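Chains as they are written, first to last, in this note's numbering: chain A, 1 to 545; chain B, 1001 to 1315; chain C, 2001 to 2297.
For each residue, glycine too, the CB sits at the ideal point set by N, CA and C.
In this text, all values refer to a predicted model and were calculated from it rather than measured experimentally.
Below is one structure; the comments refer to it alone.
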Amino acid sequence: MKSKKLKILSLFLLSFVLLFSGCNYGGGSSSTTSSGEGSEETTNGPRKGGKVTIPIVADPTFNPWHPIAYAESNVINRVIFSGLTQPGKDLLPAPDLAKDWSTSEDGLEWTFILRDDVKWHDGEKFTAEDVAFTFNEVALNKELGANNSSYFQKLKEVQVVDDYTVKFILESPVAALPAYLSFNTEIIPKHIFEGQDPWELTSFNKQKPVGTGSFKIKSYTSGQSVVLERNDDYYGEKAYLDEVEYKVLADANTHVAQLLSGELSIFALDDLAAIDRIKNAEGVEVVARDTTRFFWIILNQQLEQFQDVKVRQAVLHAIDRQNIIDTVLKGYGTIADTGIAPALKEYYTDDVKRYEYDPEQAKKLLAEAGLKDTNGDGLLDKDGKKFTIDFKIGIQGDIEAVSQMVQQYLKAVGLDVKLNTMEWNAMIQDVVVKRNYEMSLNWWRYPSDPDLSAYMHSANVKGNNIPAYQNSELDKLLDAGAQESDVEKRKEIYLEAQKMMAEQLPYIFLWYPQEAQVRVEKLKGVPDLAFGDALHYINEWYIEE
Amino acid sequence: MLRFMINRAGQSAILLLIVTLITFFLVNLAPGGPSSTMRMEATEEERQAIVEKLGLDQPVHIRYVEWLKNGLHGDFGTSFTSSEPVIQRIMERLPYTIELTIFTIVISVILGIFFGVISAVKRGKVGDHVINFVSVIGLSVPAFWLGLMLILLFSITFKWLPSSGVGPRGEDFELWGWISHLIMPVLILTTTVLPHIVRFTRSSMLEVTSQNYIRTARAKGAKESVVLYVHALRNALIPIITIIGMLIPRLLSGAVITEAIFGWTGIGTLIIEAARGRDYPLVMGITVMITLVVVFCNLIVDFLYSRVDPRVKNV
Amino acid sequence: MEVSTQSTIQADVKTQVKNKKSTLLSRLRENRVTYLSLWFLVLIHIVVFLGPFLWTVNPEDLQQAGALAGWSLQHPFGTDDLGRDVFARMLTGGRVTLVVGLGAMLCSLLIGTVIGACAGFMGKVVEAVLMRLTEAMMAIPTFFFVLVALTVIGTSPLMVVLVIAFSSWMEIARVVYGETLKWKQYEFVEAANASGATPFRILTRYIIPQIIPSIIVAGTLTIAGAILTESAISYLGLGIQPPTATWGNMLQNSQQYIWTAPILGVLPGIAITVVVLAYNFLGDGLRDALDPKFVKK
């Protein structure tokens, strides 16, 4: 009797749940407008309607330049706003608000021709004034400390030539400028921000942003969700989807659960532990995508004991990178030789010095660097003193798991590594701000351009060159590459630079992680790009019934 | 009564002052800074600009005095991580925590008194042992582990209940959607307080039933159920009310874990975010608010205490 | 003269206590659950503290078997997500967890006893201040402050122990306070007072020995609470950090494998539950055995 009741109850519950999950995408079918684009609509082609749901881990800020706009904001802002350029499907900069651009002979002036058919979501016309305002008043305003403003350190100012032409005036040539302009540097409306503190304007940043993108804000509930609706005045191809919903879900397990139950449509899976479960699930697919990221270990180059290149090379030989990729990244990664990722097809090469997993070679190199086990405790000593390494990491994503494996591999060749796992902000304070560390492990993500000066040029020792690596020859190559806008010549320069990076190891390059992009199979039209880049083309996405 | 209230208010004010003082210096002197200054890519220049903009270039004690001054005027500043007023951020989240805790308290009190009385009545018998055993298990299971196991069972295996979130709200409100999201969080939070109420009710009932007036009532031939529920329970309620007061801090602490497991966007998840992001004003705001809530609850408990037991003349 | 009466009274009390102790053991034996819990705890402590000497696999080493290997003779509980021996990690993790529990218990006993005894013995202003402080600490949700403290200060094992102790001494203080008030009125204490013994001596020689049974009960229950708190803060990622294993952080780490290897979370979860359960039963049993009101007919 009791069990029967239970069964009925569970059936009842189950039917409710089914009904629920059925509804998620059902919303689209009811509001499908089969009129209008009738000519384009074939049985298999894209259809208007439906919605996609994307997870974000925290409340967003609708202002791409705001210092508190992190990843969760980026994935929304690039849909609401538009930049002058956007990453092309080949990752080279492609037109967006700017139709065309050119650089002067000396490379000190870039001219951008803007579209004249763009309207802000509130109906105002978009003009060159908005571009000049965004850069001159926000990005270049030193007092604001805007996000990503470090890309524009060489930018003097932006001049308005006419309503639809702007000129970027540089101190020295920056070949990567169009690439930088496609990377979280969207244009914000002058008519709203003028005379306001751009960080304090919460009516915009936290409530009702006004952009130029293919979707505009519909509603936002803190801690819950952001809903965008199609912008029917969009200057490009109008979107197929009716709505894009971003759900605030802090926990990665929840992302997986909701993907499997059909409540989420697409995202980049950060924690790959659940990948097998997702691969086996019905109606969900996983695709691997190259990204412009690289994982690294750094040994503080300001400390004398780590300045010998042999120590850095030995560390790389000691670590079984393929095993870490297989174990922690579940195969989603490629062994790195330098910082330039395979995603940058034009520039990437693996024809450089490579470091196989070879503990014996590691020991040999360490011995050559003067590290020997003199007291027979199995750990290496230098000049009769214990050689210990303080390994500081922050708690985030895979870093903790990877670091524990690295520690074991280094112990195996006799390096006494003390792992010090820190809360993220405290780690940044110690490692990045104070440079009070010996060894650390982390990763960089950069715009789709091979210019890595920010991370290893000696001019940036106080900036993002955290290992404080200094090498005048590498500097020369990086400078040449940064200024050269001819792609063929650039390739040659970066080929040379990569050889040197692999040889000298300013960073101990670990791997280029691949993104595991998970999505429901019904979602079509997503270009073959990393999730973040594919968002620029959200107007092409559609739901297949 | 008035004197009592003044006394209590004074004590609460001192408590609040100490709590804010400790918390303020703790968060401000701790390593790391607000997330906006702790972006990996930020340059020294950008960091400095933001530090100045947030007013963090002032010494800590000056900032505390400033904060206290503004706080006394009801201004708790703006959150570093969203530039919105702290009060607004707290008020957005507070209703969810209140919702969760009220459901939990109501269910725990009803079930707790029910099982506690049964346990006392059946003292030494099987029923008592079973209830006691289950209570101790409830006290011993890590709440989050139980939560994960429930998710594994009901969300992953059977797919009956949603694993996370507060469910559809506002326009999309739907009864089942709301309840289905509440079931597991309330269940988990209940396990953290229910055993206390059961055990306390039991011992309180045992104490009362051994008193003379109950024996008298029995001797006078009153029905056993009348004796239990009219005479005994009423008197046993007094200590139970105090334990509910004492459980409120436990409930709020349990809410942090419960909210974290089930993505329940209440105060618990907010304080974790705030502490991680070094959102000093927000941490302080939540601290003050939580302390006030607890102080207020204790006042209510004292008040109820005096109402239920006429012998207590507000000392 | 005075001295002799004092010592006879003291001896009297001592025999009383002795009798109490022997009846305590027999009472404990009567309560099977408590007795069982006691032996179980003894066993688990032996396993966890001596086990690593017999099972010599290093809990931090990466094993040949690779990650997430199944149960085998070589790895009785398989390997974890990085390819480390789960059995070895359960043993050393248990050691850390239990040491944290014991350490936190000792610290809170220390704080609680000092505050409770001082308040009870000194009376007046000291009593008022200390007991208001205790009540205040009980009234605020300390877990919030624990979270903030651990997030911003960091999570070394010592910090974790201190922070847990800081949030769990109040119950002990109240018990000790009550007991001190009670024993203060006994003749032998008053006699000692009259003979000019210093308050410190009276407290440590005459009063505290009498309340040790109550302290043991409170301490037992505190360990249970401390282990649970440790696992809760580990769940939020604020506990003791890897590579040091604790049952709490093993459980936390297993979360992400709930889809593909749920067994990783089941083992430490059961271990924590069973140990906490045993401590709770033991504490309850001890309390019942000590409390004359709850003696079985």
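Could you check if residue i is buried or exposed, using at least 16 other CB atoms within 10 Å of its CB as the buried criterion?
i, result
"residue 288/A", "exposed"
"residue 2160/C", "buried"
"residue 376/A", "exposed"
"residue 172/A", "exposed"
"residue 1017/B", "exposed"
"residue 2109/C", "buried"
"residue 294/A", "buried"
"residue 28/A", "Residue placement at residue 28/A is poorly supported in this model, since its pLDDT is 34, which falls under 50; the coordinates still yield a value, given next. Buried."
When you compare only the Cα positions, how much space is there between residue i and residue j?
i, j, result
"residue 209/A", "residue 248/A", "18 Å"
"residue 1094/B", "residue 189/A", "34 Å"
"residue 1067/B", "residue 1026/B", "15 Å"
"residue 2003/C", "residue 2290/C", "Because residue 2003/C carries a pLDDT of 45, less than 50, the predicted location of this residue cannot be relied on, and the following value inherits that uncertainty. So the alpha carbons of these two residues sit roughly 31 Å apart."
"residue 1048/B", "residue 454/A", "19 Å"
"residue 2093/C", "residue 2220/C", "20 Å"
"residue 259/A", "residue 284/A", "8 Å"
"residue 146/A", "residue 2150/C", "30 Å"
"residue 369/A", "residue 2085/C", "34 Å"
"residue 517/A", "residue 267/A", "6 Å"
"residue 514/A", "residue 533/A", "14 Å"
"residue 263/A", "residue 1097/B", "24 Å"
"residue 425/A", "residue 72/A", "18 Å"
So, residue i versus residue j, is the Cβ gap smaller than 8 Å?
i, j, result
"residue 1243/B", "residue 1196/B", "yes"
"residue 61/A", "residue 113/A", "no"
"residue 1194/B", "residue 1123/B", "no"
"residue 178/A", "residue 93/A", "yes"
"residue 56/A", "residue 246/A", "yes"
"residue 590/A", "residue 215/A", "Nothing about residue 590/A can be read from this structure; chain A reaches only from 1 to 545."
"residue 2286/C", "residue 2176/C", "no"
"residue 510/A", "residue 297/A", "yes"
"residue 2117/C", "residue 2208/C", "yes"
So for residue i, helix, strand or coil by DSSP?
i, result
"residue 2235/C", "helix"
"residue 1130/B", "helix"
"residue 110/A", "strand"
"residue 162/A", "strand"
"residue 284/A", "strand"
"residue 142/A", "coil"
"residue 395/A", "coil"
"residue 230/A", "strand"
"residue 219/A", "strand"
"residue 102/A", "strand"
"residue 2063/C", "coil"
"residue 1110/B", "helix"
Applying a beta-carbon distance threshold of less than 8 Å, which residues of chain A neighbour residue i?
i, result
"residue 1053/B", "143, 144, 145, 199"
"residue 1092/B", "222, 223"
"residue 2154/C", "422, 423, 426"
Run down chain A in chain order and give the residues with a C-beta less than 7 Å from the C-beta of residue i.
i, result
"residue 2062/C", "405, 408"
"residue 2269/C", "Result: empty, since nearest Cβ-Cβ is about 16 Å, beyond 7 Å."
Show which residues of chain C have a CB atom less than 7 Å away from the CB atom of residue i.
i, result
"residue 1144/B", "2232, 2235"
"residue 253/A", "2255, 2256, 2258"
"residue 362/A", "Under the 7 Å cutoff, chain C gives no residues; its nearest Cβ is about 16 Å from residue 362/A."
"residue 1290/B", "2141, 2144"
Starting from the beta carbon of residue i, find every residue of chain B whose beta carbon is closer than 7 Å, and list them in chain order.
i, result
"residue 59/A", "1082"
Compute the minimum distance between the beta carbon of residue i and the heavy atoms of the ligand MG, and state whether it is under 7 Å.
i, result
"residue 2290/C", "Looking for the ligand MG in the displayed structure turns up nothing, as the structure carries no ligands at all."
So which residues of chain A does residue i contact, with C-beta pairs closer than 9 Å?
i, result
"residue 2241/C", "395, 400, 419, 420, 421, 422"
So with CB distances below 8 Å, who are the chain C contacts of residue i?
i, result
"residue 250/A", "None at all; the shortest Cβ gap to chain C is about 11 Å."
"residue 1023/B", "2145, 2148"
List, in chain order, every chain B residue whose beta-carbon is nearer than 9 Å to that of residue i.
i, result
"residue 2265/C", "1145, 1148, 1149, 1152"
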